[in-house]
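A quick write-up on the structure given underneath.
In the working numbering, the protein residues as written are 1 to 297.
In structure tokens form, the structure reads like this:
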């Protein structure tokens, strides 16, 4: 069965499907509204299906239109990635990989991975973007990023993961705090302190583990601030707004106004995992995944 459908028809259809408004879609595409309507009609005639229900100014996708929007969006993204990769090869590059990551992954995990990878693949471009866990999952599913580094216990179907780090927590205190390595015995010593913690939206599973530390210590923390960035936590602790608990990999030796106390004696551990979409066809991704597998526990 042959359909006289061109790439422009697909792009026009997806624009209308997203906007559900012909005038807005036409403005976005820089074409006239009658011209856009004509292109959509051509696509419907060629396929022999109705893509939209039109009621005065109201536009809705039909069931067939909904199916086409979902499937064509995925495949058009793959086509864009294939064409982009071809252009990179033309420019003398082996490819490109887009990373998403939570801040702690940039302390050691990602830099070490990139150093090892670029020894054998010096012509690969990397894009690095710090993102919270949920935005990474959304980005992976939409293939806006190729690989993510997250602190999540569960991931959606269609994604794969590899544990890269399982680590304890540590306390973050101002340098002049009365508790020191020598005097610290239990988190319960800090029950009257204000705590600055990662926002629950950063990762619900991570937040529950931190709350488990307080449960085992016999108190509910006084939470003065929530944030998703370690730098914000450090700045608030440094200026006397409270203390914090963070993954051990976030310990910083660069800030002389802070001190860190390891919590190796408590059972709670937090995990960092690499995550990617199973059907991502970026040829560089499989090479990076193989390197991760060979270097992880």
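Every residue, glycine too, gets a C-beta built ideally from N, C-alpha and C. Keep in mind that this is a model prediction, so the values were computed, not measured.
Other residues of its chain near residue i: CB distance less than 8 Å, five sequence neighbours each side excluded
{"i": "residue 2", "result": "Low local confidence applies: a pLDDT of 46 at residue 2 is under 50, so the model's placement there is unreliable, and no value is given."}
{"i": "residue 110", "result": "99, 101, 128, 149"}
{"i": "residue 220", "result": "214"}
{"i": "residue 78", "result": "143, 281"}
{"i": "residue 5", "result": "43, 46, 47"}
Whether residue i touches residue j by CB criterion (8 Å)
{"i": "residue 230", "j": "residue 258", "result": "no"}
{"i": "residue 76", "j": "residue 141", "result": "no"}
{"i": "residue 62", "j": "residue 51", "result": "yes"}
{"i": "residue 275", "j": "residue 178", "result": "no"}
{"i": "residue 253", "j": "residue 234", "result": "no"}
{"i": "residue 171", "j": "residue 261", "result": "yes"}
{"i": "residue 169", "j": "residue 213", "result": "yes"}
{"i": "residue 270", "j": "residue 202", "result": "no"}
{"i": "residue 113", "j": "residue 292", "result": "yes"}
{"i": "residue 32", "j": "residue 22", "result": "no"}
{"i": "residue 19", "j": "residue 8", "result": "no"}
{"i": "residue 282", "j": "residue 95", "result": "yes"}
For residue j and residue i, the rounded distance between their alpha carbons
{"i": "residue 288", "j": "residue 185", "result": "42 Å"}
{"i": "residue 227", "j": "residue 194", "result": "14 Å"}
{"i": "residue 277", "j": "residue 101", "result": "15 Å"}
{"i": "residue 272", "j": "residue 35", "result": "50 Å"}
{"i": "residue 312", "j": "residue 136", "result": "Past the edges of the chain, shown from 1 to 297, lies residue 312, and the structure says nothing about it."}
{"i": "residue 25", "j": "residue 131", "result": "30 Å"}
{"i": "residue 123", "j": "residue 187", "result": "48 Å"}
{"i": "residue 256", "j": "residue 174", "result": "9 Å"}
{"i": "residue 11", "j": "residue 147", "result": "26 Å"}
{"i": "residue 157", "j": "residue 47", "result": "31 Å"}
{"i": "residue 232", "j": "residue 196", "result": "9 Å"}
{"i": "residue 118", "j": "residue 165", "result": "21 Å"}
{"i": "residue 263", "j": "residue 116", "result": "30 Å"}
{"i": "residue 53", "j": "residue 17", "result": "11 Å"}
{"i": "residue 159", "j": "residue 290", "result": "16 Å"}
{"i": "residue 80", "j": "residue 238", "result": "46 Å"}
{"i": "residue 189", "j": "residue 139", "result": "41 Å"}
{"i": "residue 30", "j": "residue 279", "result": "33 Å"}
{"i": "residue 56", "j": "residue 108", "result": "58 Å"}
{"i": "residue 70", "j": "residue 64", "result": "10 Å"}
{"i": "residue 106", "j": "residue 59", "result": "45 Å"}
{"i": "residue 49", "j": "residue 68", "result": "11 Å"}
Any C-beta of chain B under 8 Å from that of residue i
{"i": "residue 13", "result": "Judged by its chain identifiers, the structure shown contains no chain B, having just a single protein chain."}
Cutoff 7 Å; reference residue i; Cβ partners in own chain excluding five residues on either side
{"i": "residue 167", "result": "247, 248, 249, 269, 270"}
{"i": "residue 209", "result": "268, 270"}
{"i": "residue 199", "result": "226, 227, 228"}
{"i": "residue 120", "result": "none"}
Close beta carbons around residue i, own chain, < 6 Å, minus the five adjacent residues each side
{"i": "residue 191", "result": "219"}
{"i": "residue 126", "result": "97"}
{"i": "residue 145", "result": "98, 100, 139"}
{"i": "residue 153", "result": "205"}
Between the stretch 237–257 and the stretch 211–227, can you find at least three pairs of beta-carbon atoms closer than 8 Å?
Short answer: they touch.
Going residue by residue through the stretch 8–78, where are the continuous beta strand (DSSP E) segments of at least 3 residues, counting only ones entirely within it?
52–55, 58–61
Could you tell me which whole beta strand (DSSP E) segments of length 3 or greater appear in the stretch 105–142?
124–130
At 4 residues or longer, what runs of the alpha helix (DSSP H) sit wholly inside the stretch 150–228?
204–217
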